[in-house]
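Asker:
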Amino acid sequence: MTDPRSTDSRTTDMEPVRTEPVHTEPAHTGSFHVLDPDEAVLPAEEFKAAFRNHPAGVAVITADAGNGPVALTATSVFSVSAEPPLLVFSVSRMSSSAATLTSAETLVVHLLTSPHMDLAVLGATSGIDRFADTSIWSRLPGGEPYFVNAPVWIRGRVIDRMSAGGSTVLAVEALEARTPQRGSPDADAERSRPLVYHNRTWHELSDRSKLPD
């Protein structure tokens, strides 16, 4: 699973910023890292610790580049533009799905709610045939595999690929989508239960987690 807490999946290429050493007051608590002018990057463990309390939505991405369908659970999906409709996600090059996802011309991004956590677990479990149960998936007219019960999916065309550390970042132009039917729980923001990943486990957002203005 691509997770910003364990990889650099949410980083972007940028020039390193040189700063003066950071000094903290003794009253502050927590772990601080003082930047050395000759140090290139933040240590991996501190980078992961910084993201550990930053929750992310959960998606499952499917594709078939001609060698059979693959599925990957990702928390790195985010939208970057509505006009044109573009989204971005990253995949670790160590993932068994990487070769297919990075070579496929089109793919499907499923945005999950908590009742569909089973799909997230399926896409995150290694060493299994994620498409063995033929009752839970089918193919779109273009041949892309997709999970039929996902409340939202977006079929898109990969328009750019960028190497970033041990991952590949893919930019996808949305071509069509399935969205919740009007009147369904998933279409009602007050009743929907988005699935999020936080501190290495699954969580559900609901009206109980809503904060007052």
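Numbering-wise, my numbering comes out as the position in the sequence shown, counting from 1, plus 19. C-beta: ideal position from N, C-alpha, C; glycine also.
Whole angstroms is fine: what's the gap from V41's alpha carbon to F70's?
Answerer: Translated into the one-based positions of the sequence shown, residue 41 becomes position 22. Translated into the one-based positions of the sequence shown, residue 70 becomes position 51. The predicted position of V41 is uncertain, since its pLDDT is 41 and thus under 50; a value taken from the coordinates is nonetheless stated next. A direct Cα-to-Cα measurement between V41 and F70 gives close to 20 Å.
Asker: For F66, which of helix, strand or coil comes out of DSSP?
Answerer: Residue mapping note: residue 66 aligns to position 47 of the sequence shown, counting from 1. Helix at F66.
Asker: Taking 7 Å as the threshold (C-beta atoms), are L120 and V110 in contact?
Answerer: Looking up residue 110 in the sequence shown gives position 91. Looking up residue 120 in the sequence shown gives position 101. Closer than 7 Å, so yes.
Asker: Using DSSP with H/G/I as helix, E/B as strand and the rest coil, what is S122?
Answerer: Walking along the sequence shown from the start, residue 122 turns up at place 103. In this structure, S122 counts as helix in the three-state DSSP scheme.
Asker: I'd like to know whether the C-beta atoms of E192 and L105 end up nearer to each other than 7 Å.
Answerer: In the sequence shown, residue 192 corresponds to position 173, counting from 1. In the sequence shown, residue 105 corresponds to position 86, counting from 1. Taking 7 Å as the Cβ cut-off, E192 and L105 qualify as a contacting pair.
Asker: For D232, count neighbouring Cβ atoms within 10 angstroms of its own Cβ and tell me buried if that reaches 16, exposed if not.
Answerer: On the sequence shown, residue 232 is found 213 positions in, with the first residue counted as 1. Answer is exposed; the Cβ neighbour count stays below 16.
Asker: Restricting to Cα atoms, I'd like to know which of T132, T92, A75, P103 is closest to G268.
Answerer: Nothing in the structure corresponds to residue 268, since the chain is present only between 20 and 232.
Asker: Should P62 be labelled buried (16 or more other beta-carbon atoms within 10 Å of its own) or exposed?
Answerer: As a working mapping, residue 62 is identified with position 43 in the sequence shown. Exposed is the call here.
Asker: Return the Cβ separation of L244 and R201 in integer angstroms, given the expectation that the two are a contact with Cβ distance under 8 Å.
Answerer: Not covered by the structure: residue 244. The range shown for the chain is 20 to 232.
Asker: Three-state secondary structure (DSSP) at P74?
Answerer: Locating residue 74 in the sequence shown gives position 55, counting from the first residue. Coil.
Asker: Am I right that V171 and R197 are in contact with their C-beta atoms under 8 Å? What's the rounded C-beta distance?
Answerer: The count along the sequence shown starts at 1 and reaches residue 171 at position 152. The count along the sequence shown starts at 1 and reaches residue 197 at position 178. About 6 Å separates the Cβ atoms of V171 and R197, confirming a contact at the 8 Å cut-off.
Asker: Among the candidates G142, G162, S100, whose CA atom is the shortest distance from the CA of E124?
Answerer: The residue you call residue 124 lines up with position 105 of the sequence shown. Ranked by Cα distance from E124, the first of G142, G162, S100 is G162.
Asker: In angstroms with no decimal places, state the Cα-to-Cα distance between S203 and L91.
Answerer: In the sequence shown, counting from the first residue as 1, residue 203 sits at position 184. In the sequence shown, counting from the first residue as 1, residue 91 sits at position 72. Cα to Cα, the separation comes out at about 27 Å.
Asker: Can you grab the Cα-Cα spacing for the pair G76 / A59, in whole Å?
Answerer: In the sequence shown, counting from the first residue as 1, residue 76 sits at position 57. In the sequence shown, counting from the first residue as 1, residue 59 sits at position 40. Their backbone Cα atoms lie some 30 Å apart in a straight line.
Asker: Using beta-carbon positions only, say whether P213 and L224 come within less than 7 Å of one another.
Answerer: On the sequence shown, residue 213 is found 194 positions in, with the first residue counted as 1. On the sequence shown, residue 224 is found 205 positions in, with the first residue counted as 1. A contact, by the Cβ cut-off of 7 Å.
Asker: Taking 7 Å as the cut-off, decide whether the C-beta atoms of S115 and A84 are in contact.
Answerer: Locating residue 115 in the sequence shown gives position 96, counting from the first residue. Locating residue 84 in the sequence shown gives position 65, counting from the first residue. No, these two residues do not count as a Cβ contact at 7 Å.
Asker: Evaluate A151 with the Cβ neighbour count: other Cβ atoms within 10 Å of its Cβ, from every protein chain shown; 16 or more gives buried, anything less gives exposed.
Answerer: Taking the sequence shown and counting its residues from 1, the one referred to as residue 151 is at position 132. A residue is called buried once 16 or more other Cβ atoms fall within 10 Å of its Cβ, and A151, having fewer, is exposed.
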